[in-house]
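Chemist: Can you read through this structure? Questions will come right after.
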Amino acid sequence: MNIINDLFKDVYRPVKVIAVYQSQLDQSFYTESLDMDDTGQMINPHPLSLTEANLLADTLNTSDELRQDFLISKGLLPENILFINSTKDGNVIWYTPEMQVDLLFKPELTIADGRANIPALVWKASKNSLSVYALSCNERPGLETKLFYAPFFNIYTDGRVCMGNVKINIDPKCSLEDFVEKWQGYFFASTFSHLLGSGSPVKGNIIELWQKLVGSKRKFPLKQLKSTSKTLKSIIR
Numbered sequence: 038m039n040i041i042n043d044l045f046k047d048v049y050r051p052v053k054v055i056a057v058y059q060s061q062l063d064q065s066f067y068t069e070s071l072d073m074d075d076t077g078q079m080i081n082p083h084p085l086s087l088t089e090a091n092l093l094a095d096t097l098n099t100s101d102e103l104r105q106d107f108l109i110s111k112g113l114l115p116e117n118i119l120f121i122n123s124t125k126d127g128n129v130i131w132y133t134p135e136m137q138v139d140l141l142f143k144p145e146l147t148i149a150d151g152r153a154n155i156p157a158l159v160w161k162a163s164k165n166s167l168s169v170y171a172l173s174c175n176e177r178p179g180l181e182t183k184l185f186y187a188p189f190f191n192i193y194t195d196g197r198v199c200m201g202n203v204k205i206n207i208d209p210k211c212s213l214e215d216f217v218e219k220w221q222g223y224f225f226a227s228t229f230s231h232l233l234g235s236g237s238p239v240k241g242n243i244i245e246l247w248q249k250l251v252g253s254k255r256k257f258p259l260k261q262l263k264s265t266s267k268t269l270k271s272i273i274r
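Going by this note's numbering, the residue at position 147 of the sequence shown is 184; the numbering climbs one at a time, nothing skipped.
In structure tokens, the structure reads:
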């Protein structure tokens, strides 16, 4: 109750006005700052100074909606991170080496759920979308590294993943490490159900491929990956 009373007692008075002017000739802008006296009159018009601009930026950045805490690392950058755009609507590109994971399949595919070896992958994710590609070698990719179609169901030919009914919940202040972990968790927790596009993302029969791999210790046959027209450089933006 005391906090509410204090809010009503607090009085904010205008002390400065920021005016933005736009040229009618070349669409350029000019920003002016005006002080306000005790009577509420605008005085001392002058170009917005660097100090005033920084103060305005700091003031705006205290807002939860405008804070740029998205994709900030908890420490040193993980070695598998390839690219970060940490703006409010940014994205991350990372890779994972060959590994064994648990996979889920719709019964109609006649593939048992279970663990299987998968190739190295390149991931690109924003707050609400995910794209996945495969690598033909088990090492950190460079800018000119060719990308291959990810050998899974539920993926469009451009790499975008259809997450189906998986509920995506990425916090606006999500750390880099948690962001990567969440997206990988969402992907492998989803049930693979169907192909998207006109053909198979692998050479040969994709159903037979996973029937052989799931529950075995066989390495993923990299020779069955299909090449895309993309390189790592082409998906950085």
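Ideal Cβ placement from N, Cα and C applies to all residues, glycine included.
#1: Any contact between the region 162-180 and the region 255-271? By contact I mean 3 or more CB pairs, one from each, below 8 Å.
#2: Going by alpha carbons, who is nearest to G222 out of K204, L114 and D74?
#3: Near D195, what residues of its chain come up, given a Cβ to Cβ distance below 6 Å and the 5 sequence neighbours on each side ignored?
#4: Quick one: Cα of G241 to Cα of K210, how far?
#5: Starting from the N-terminal side, write out each stretch of the alpha helix (DSSP H) that is 4 residues or longer and does not extend beyond the region 52-135.
#6: Going by DSSP in three states, A226 sits in which element: helix, strand or coil?
#7: Would you tell me roughly how many angstroms separate the C-alpha atoms of E69 and L62, rounded to the nearest one?
#8: From this set, I273, F66, Y49 and V52, which residue's C-alpha is nearest S163's C-alpha?
#9: Would a C-beta distance cut-off of 7 Å place L108 and S123 closer than the cut-off?
#10: Assuming K270 contacts E181 (C-beta within less than 8 Å), just tell me the rounded distance between them.
#11: With DSSP as the reference, label D150 as helix, strand or coil.
#12: Which whole-angstrom value describes the C-beta separation of V159 and P144, a residue pair presumed to lie in contact below a C-beta threshold of 8 Å?
#13: Could you check the C-alpha separation between V57 and L85 for me, to the nearest Å?
#14: Just the C-alpha distance for G151 and K256, rounded to the nearest angstrom, thanks.
#15: Given that a residue counts as buried once 16 or more other Cβ atoms are within 10 Å of its Cβ, and exposed if not, what is F66?
#16: Using beta-carbon positions only, say whether G252 and S227 come within less than 7 Å of one another.
#17: Using a Cβ-Cβ cutoff of less than 6 Å, which residues in the same chain neighbour L213 once the five nearest sequence positions on both sides are dropped?
#18: In three-state DSSP terms, what is D215?
#19: Using the C-alpha atoms, what's the distance from L93 back to S166?
Modeler: On the basis of the data shown:
#1: yes
#2: K204
#3: none
#4: 43 Å
#5: 87-98
#6: helix
#7: 19 Å
#8: I273
#9: yes
#10: 6 Å
#11: coil
#12: That pair is no contact at about 30 Å.
#13: 10 Å
#14: 15 Å
#15: exposed
#16: no
#17: L108 and S110
#18: helix
#19: 33 Å
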